[in-house]
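K.L.:
Below is a structure I'd like to ask you about.
There are 2 protein chains.
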Amino acid sequence: MAEIVECVPNFSEGRRKEVVDEIAKSIASVSGVRVLDAEMDPDHNRSVITFIGDRAGVAEAAFQGARTAVARIDMNGHRGAHPRVGALDVLPFVPILGVTMDDCVALARSVGKRIADELQVPVYLYEAAATRPDRRALPNLRRGEYEGLKVAIEKDPDRKPDFGPSRLHPTAGACIVGARPVLIAWNVNLGTKDVAIAKRIAKAIRESDGGLPAVRAKGFELADRGLVQVSMNMTDYQRTSLVQVFEAIRSLAAKEGVEIIESEIIGLVPLDAILAGATQYFKLARFHREQILETRLWD
Amino acid sequence: MAEIVECVPNFSEGRRKEVVDEIAKSIASVSGVRVLDAEMDPDHNRSVITFIGDRAGVAEAAFQGARTAVARIDMNGHRGAHPRVGALDVLPFVPILGVTMDDCVALARSVGKRIADELQVPVYLYEAAATRPDRRALPNLRRGEYEGLKVAIEKDPDRKPDFGPSRLHPTAGACIVGARPVLIAWNVNLGTKDVAIAKRIAKAIRESDGGLPAVRAKGFELADRGLVQVSMNMTDYQRTSLVQVFEAIRSLAAKEGVEIIESEIIGLVPLDAILAGATQYFKLARFHREQILETRLWD
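Okay, structure coming up:
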């Protein structure tokens, strides 16, 4: 049985390409691990590397990435638009195939402990790996950012890390390690130039405004195409499926007299999330993923 | 890059389970080859074994299956409803992933030659591997069946095999080897008890009555469910897609005032064939199969 864990570490370096390359190289050097993507954002001064592998491979690669980041990134003097607390700022493990969320929680805790023990970086556990309800959400853990946490970690017992010393690493700060469902970035484009419609629909469907669970959404104008866009992050497609969201948008748009023109998956998506559309379209009964010939390669 | 060839040999034995098991075992004994299915039909006195692997593995497994069938099946005295010419009656190679139809033609020809050379069984090449246009279709090659071919192969120069001797193997007869697209068995159920509607729609869409290329279709009654069924074999989904057929059935049914209730894939289906439904449903633009996380296991 093949297994895939996805790992999507965020590093506080988005300007020195040679440093990001070096981190990616230390991750890719682990046998069986495949780096799928590396994105640098100079404004945020931050980069995101996406890689996959089995549990053992991903654990080792995540640690090697952490080690390189700790050696090469100095948070003193780090400036950027995105909130952050350390060189390896966030390290989420994501179950994709043949592993459970609990497996990824175990992975987060063991890699987190190793980062604390071997690199002397304090580690906080978040989302599914959190040890306290108030530590599930990232913003709670990032309060005060690097500069604020430097003081708070030593003075405030409430900010004691889950692993490692109660002081920041002198250059690498702290690290937030966790487990979460796969994130799907998905845009739905509507056949109108009226951005207010996209904004209204986004507001109606997003969780933060009382809409659908695990959906983040914003409305944008695509001026050059004469369309508007509902741009989404689906943070748990098993709670709210792409089909549910698509039907919700279709119905809200229809009430505005507008049609869905197209949708676009940005980056990666798990098979089941996309397959649900085929099941819906073909009205498939009794269909199992194992009927897809290519899945037999994963047995 | 992973590669998958599917192989679906038909053997002239559908009653002695121990013989079919022995054939399946000789196929499965080849490293890297996976037997997905083995079906015995006592009325046809015939069995179909489905297996996958890379080119080298499938070539070896196909030959081992042929060797066992030639050793264990005697066509003298074989009776059954299905037309046949030999112990290993038909041996098609099917490209699934990372291999082309031309690769499968090459495979069919090299395995066919080996069966002729080492087992002294005359071999005819069919479909994409055929050496003459009139040998593409199976029924042409099966003319007269085992009993008729016994005489014709020796007397009629037109029936000379592509490989091996111009006489049948004394017990195993002849063998038809080829390459073809993957076959998808698919049923679409309609919300009516009137089987005439399913029969009319089947007639309208099937190739043999001037309908869609590479579609075979029949209409049936599902009396216990109060529905009727358009039962199809899609013989080349890249020529006529499942979406095209689904839309055709939907539109023909609508004209009869009937709706599609559900559809069902019988057995195996390639990812791309089913993914087309998701692309259609979500109106996906710029979507590539490589965006599906699990496909990264095949790189």
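Protein chains in written order, with the numbering used here: chain L, 29 to 327; chain U, 29 to 327.
Don't be surprised by glycine CBs; every beta carbon is placed ideally from N, CA and C.
Does the Cβ-Cβ distance between L/I233 and L/A224 come in under 8 Å?
P.N.:
No, the Cβ-Cβ distance between L/I233 and L/A224 is not below 8 Å.
K.L.:
Verify whether the separation of the beta carbon atoms of L/D264 and L/P209 is less than 8 Å.
P.N.:
Yes. Within cutoff.
K.L.:
Among U/A251, U/V216, U/A213 and U/A136, which one has its Cα closest to the Cα of U/F12?
P.N.:
Any property of residue 12 of chain U remains undetermined from this structure, which presents chain U solely from 29 to 327.
K.L.:
I want to see whether chain U comes within less than 8 Å of L/F121, judged by CB atoms only; does it?
P.N.:
No, its Cβ sits nowhere closer than 8 Å to a Cβ of chain U.
K.L.:
Distance check for U/S57 and U/I51, CA to CA, integer angstroms please.
P.N.:
About 10 Å.
K.L.:
Closer than 8 Å, Cβ to any Cβ of chain L: which residues of the region 280–301 of chain U, in chain order?
P.N.:
If the cut-off is 8 Å between Cβ atoms, the region 280–301 of chain U has I288, I289, E290, S291, E292, I293, G295, L296, V297, P298 and L299 near chain L.
K.L.:
Leaving out five residues on either side along the sequence, give the residues of the same chain with a beta carbon under 6 Å from the beta carbon of U/G81.
P.N.:
Result list for U/G81: G60 and V61, in chain order.
K.L.:
Tell me the rounded alpha-carbon separation between L/P24 and U/K311.
P.N.:
Outside the displayed range of chain L (29 to 327) lies residue 24 of chain L, so it cannot be described from this structure.
K.L.:
Can the beta-carbon of U/V299 be found less than 8 Å from the beta-carbon of U/R317?
P.N.:
Inspection of the sequence shows that residue 299 of chain U is occupied by Leu rather than by Val. Cβ distance < 8 Å, so U/L299 and U/R317 count as in contact.
K.L.:
How would you call U/P37, buried or exposed, if buried means at least 16 neighbouring beta carbons within 10 angstroms?
P.N.:
That one is buried.
K.L.:
Write down every uninterrupted run of the alpha helix (DSSP H) in the region 267–316 of chain L whose length is 4 residues or greater and which is fully enclosed by it, in chain order.
P.N.:
Counting only runs of 4 or more, we get 270–283 and 299–309.
K.L.:
If I follow the unbroken beta strand (DSSP E) through U/R208, where does it start and stop?
P.N.:
Per DSSP, U/R208 belongs to no beta strand (DSSP E) and is neither H nor E.
K.L.:
Three or more C-beta pairs closer than 8 Å, one from the region 91–103 of chain U and one from the region 39–55 of chain U: is that the case here?
P.N.:
With the cut-off at 8 Å, the region 91–103 of chain U and the region 39–55 of chain U touch.
K.L.:
Three Cβ pairs or more, each shorter than 8 Å: is that satisfied between the region 238–252 of chain L and the region 177–193 of chain L?
P.N.:
Because the criterion of three Cβ pairs below 8 Å is not met, the region 238–252 of chain L and the region 177–193 of chain L do not touch.
K.L.:
Our contact map puts U/R142 next to U/F79 with C-beta atoms below 8 Å; I'd like the distance itself, whole angstroms only.
P.N.:
In fact, because the Cβ distance is near 17 Å, the residues do not count as touching under 8 Å.
K.L.:
For L/A66, go through chain U and note every residue whose CB falls closer than 7 Å to its CB, in chain order.
P.N.:
Near L/A66 there are no residues of chain U at all, since even the closest Cβ is about 15 Å away, more than 7 Å.
K.L.:
Rounded to whole angstroms, what is the Cα-Cα separation between L/N168 and U/V256?
P.N.:
For L/N168 and U/V256, the distance between alpha carbons rounds to 58 Å.
K.L.:
Which residue comes first and which comes last in the alpha helix (DSSP H) that contains U/Q92?
P.N.:
Counting along the chain, the alpha helix (DSSP H) containing U/Q92 begins and ends at R83 to R100.
K.L.:
Given that U/I80 touches chain L, what residues does it touch there, using C-beta distances under 9 Å?
P.N.:
What U/I80 touches in chain L: L321, R324 and L325.
K.L.:
Residues of chain A with CB under 7 Å from L/R314, in chain order?
P.N.:
Annotation note: the requested chain A is absent from the structure, which comprises protein chains L and U.
K.L.:
U/K283 to U/I277, Cα distance in whole Å?
P.N.:
Distance between the alpha carbons of U/K283 and U/I277: 10 Å.
K.L.:
Please report how far the alpha carbon of L/A251 lies from the alpha carbon of L/V33, in whole angstroms.
P.N.:
L/A251 and L/V33: Cα-Cα distance of roughly 38 Å.
K.L.:
Taking the DSSP output, what are the residues bridged to L/L250?
P.N.:
According to DSSP, L/L250 bridges with L/L255.
K.L.:
Give the straight-line distance between the Cα atoms of L/R74 and L/C203, rounded to the nearest whole angstrom.
P.N.:
Spanning the two alpha carbons is a distance of roughly 14 Å.
K.L.:
Given this structure, state the Cα-to-Cα distance separating U/L177 from U/D186, to the nearest angstrom.
P.N.:
So the two alpha carbons sit approximately 11 Å from each other.
K.L.:
Can you tell me the Cα-Cα spacing of L/I212 and L/Q272, whole angstroms?
P.N.:
Approximately 14 Å between the Cα atoms of the pair.
K.L.:
Which residue spans inside the region 174–243 of chain L form an unbroken alpha helix (DSSP H) run of at least 4?
P.N.:
The region 174–243 of chain L contains these whole alpha helix (DSSP H) runs: 223–233.
K.L.:
For a minimum of 3 consecutive residues, which ranges assigned as the beta strand (DSSP E) are wholly contained in the region 102–144 of chain L?
P.N.:
Entirely contained in the region 102–144 of chain L, the beta strand (DSSP E) runs reaching 3 residues are, in chain order, 116–125.
K.L.:
Rounding to the nearest angstrom, what Cα-Cα distance links U/Y174 and U/G126 in this structure?
P.N.:
Cα-Cα distance, rounded: 36 Å.
K.L.:
Does the Cβ of L/N217 have 16 or more other Cβ atoms within 10 Å, making it buried, or fewer, making it exposed?
P.N.:
Classification of L/N217: buried, given that the 10 Å Cβ count is 16 or more.
K.L.:
How big is the Cα-Cα spacing for U/M260 and U/I294?
P.N.:
In a straight line, the C-alpha of U/M260 is about 10 Å away from that of U/I294.
K.L.:
Pop quiz: L/P123 and L/M129 are said to be a contact at Cβ under 8 Å. What is the actual Cβ separation, rounded to whole angstroms?
P.N.:
That belief holds up - the Cβ atoms of L/P123 and L/M129 are roughly 5 Å apart, short of 8 Å.
K.L.:
Could you check where the beta strand (DSSP E) with L/V151 kicks off and where it finishes?
P.N.:
Per DSSP, L/V151 belongs to the beta strand (DSSP E) from V151 to E155.
K.L.:
What three-state label does DSSP hand U/A330 in the structure shown?
P.N.:
Absent from the structure is residue 330 of chain U, since the part of chain U shown begins at 29 and ends at 327.
K.L.:
Three-state secondary structure (DSSP) at L/A66?
P.N.:
Strand.
K.L.:
Between which two residues does the alpha helix (DSSP H) holding U/V47 run?
P.N.:
Per DSSP, U/V47 belongs to the alpha helix (DSSP H) from K45 to A56.
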